[in-house]
Each structure stands twice: as structure tokens, then as C-alpha cells.
Amino acid sequence: MAMGAAATAAAACFSSGVVSRSRVRAQATSWAGGAEELVRSGKVRPVRPREAAGVMGAEGFRLLDVRPAWEHGRAAVRGSAHVPLFVADDDMGPVTLLKKWVHLGYIGLWTGQSFTKMNDRFLDDVAAAVAGKDAKLLVACGEGLRSLIAVRMLHDDGYKNVGWLAGGFSKSVDGDFPDEEGESKLRYATIGGVSYIFLQILLLLQVVK
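Letter 103 of the sequence shown, counting from 1, is numbered 99 in our numbering, and no numbers are missing.
Shown next, in the form of C-alpha cells:
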């Protein structure tokens, strides 16, 4: 009887987690879709990694890095503003702990990514990091999706001089960002966990560069 009750409770928790994740994915897809329309309409400027240095130098755009802290710590562009769109979820409630356990088994172990939640202070943190809503911002993340969501949020909040790093840092090559700092290359900074170990082996064998 007790085991049956425990199983029922666990199933309810897991079901709640699935619904929660579905809502987050749906919201993220909605935000990203809106941002793609902004890019298509020309209200947000797409910038390829190979164009970024020129846009930042000649045109005065400042790089706004919205990756989580662990990615930024591994590799970053010196002088950029760092405001994570997602932050670590420190909730220790039973539902969150169950979701963290599932996340670790299916995602975290292989990618090294922590369980995160949306940064509720994102817009406030950006306002504190940049000089007003007229600032020229080139918004970037690892692969381009999180920065799309951030672009939409910033545009809706009144930032009109916004660019988007198309494809993210993962599409960059050596020399695109001459002021890189950190232990990794920007294009590999999103890779963590067991995948990072495999990457180091490939680098050692010179399979990738």
C-alpha cells in the first residue's frame, strides 16, 4: 500500500514536471518565433560571427552575452556584458529535485549543463549593465536560440538598436573574436560533461581544431 502511494506521488510529480517543461518549451518557441519575425522584418539585425568584430568596432555595438555562468566562465569575449537569460534553479522542493534527477540522467551527465530556470531579473540586469535603451547591443549565446528569446524580450522592453549573433558562438572560427578569454574556444564552450571529455580527446588527436 505504501509503495503504491509512493509510486502514485512520484508519478504525479513527474507528470507535473513534464507539464512544466512543456510550458517552458512552448513559451520559448513563442518568444523565438516572435524574434525571428523581428529579424525578417529588419527590426533586429542578424550578424554572422565573421561580421561581429567589424560591427562591434566600427559601428559601436556592444556584445551582450546571455549564456549561463558556466558557459561564460569557460570562454568569453573580453569587454562584453554578461547577463544570463537562464540561471541555476536552487529550489530543493520534491518536484524540482525529481526534475533535476531526470535532467542529470538524460542531459546533465552528457552535456554538463545545470538545471536552470528563466532569470526573472533579466531585463533589470541588462538595464544595470548597459547605458540606456539607446545602446547598440549585439545579443549572443552558444547556438542562437537563447539569444533569440533575449532579443524579443529586449525589443519589447524598448531596446531598438539590437543585433542578433546568427547561429551563436558555435558558428564562430578562430579570429572572429580576437579578444577571447578562458580555457576553451568560444565555439566549444557550450559543450560540457562527458561530451567535453570526448571533445578533448578529439582535440588531442587533432580530429577537430
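Heads up, the beta-carbon is just placed ideally off N, CA and C, and yes, glycines get one too. Predicted, not measured: the structure shown is a model, and the values here were computed from it.
Distance CB(residue i)-CB(residue j) smaller than 8 Å
i                 : j                : result
arginine 148      : leucine 59       : no
isoleucine 145    : alanine 31       : yes
leucine 134       : phenylalanine 57 : yes
glycine 163       : proline 45       : yes
phenylalanine 173 : valine 73        : yes
serine 143        : leucine 119      : no
cysteine 137      : valine 43        : no
leucine 150       : valine 122       : yes
glutamate 139     : serine 180       : no
Residue i burial status per 10 Å Cβ neighbour count (16 or more: buried)
i             : result
arginine 36   : exposed
alanine 7     : Confidence is the limiting factor: at alanine 7 the pLDDT is only 35, short of 50, which leaves the residue's position unreliable and the question unanswerable from this model.
threonine 186 : buried
valine 79     : buried
arginine 41   : buried
glycine 171   : exposed
valine 158    : buried
aspartate 175 : exposed
arginine 21   : With a pLDDT of only 49 at arginine 21, under the threshold of 50, the placement of this residue in the model should not be trusted; the figure read from the coordinates follows. When all chains shown are included, arginine 21 counts as exposed.
arginine 183  : buried
Residues bridged to residue i [DSSP beta-bridge criterion]
i           : result
glycine 53  : Beta-bridge pairing links glycine 53 to no other residue.
leucine 133 : Arg58 and Val158
The alpha helix (DSSP H) enclosing residue i, as first and last residue numbers
i          : result
glycine 69 : 65 to 70
valine 62  : Premise fails: valine 62 is in no alpha helix (DSSP H) and is neither H nor E.
Range covered by the beta strand (DSSP E) that runs through residue i
i         : result
valine 43 : 41 to 43
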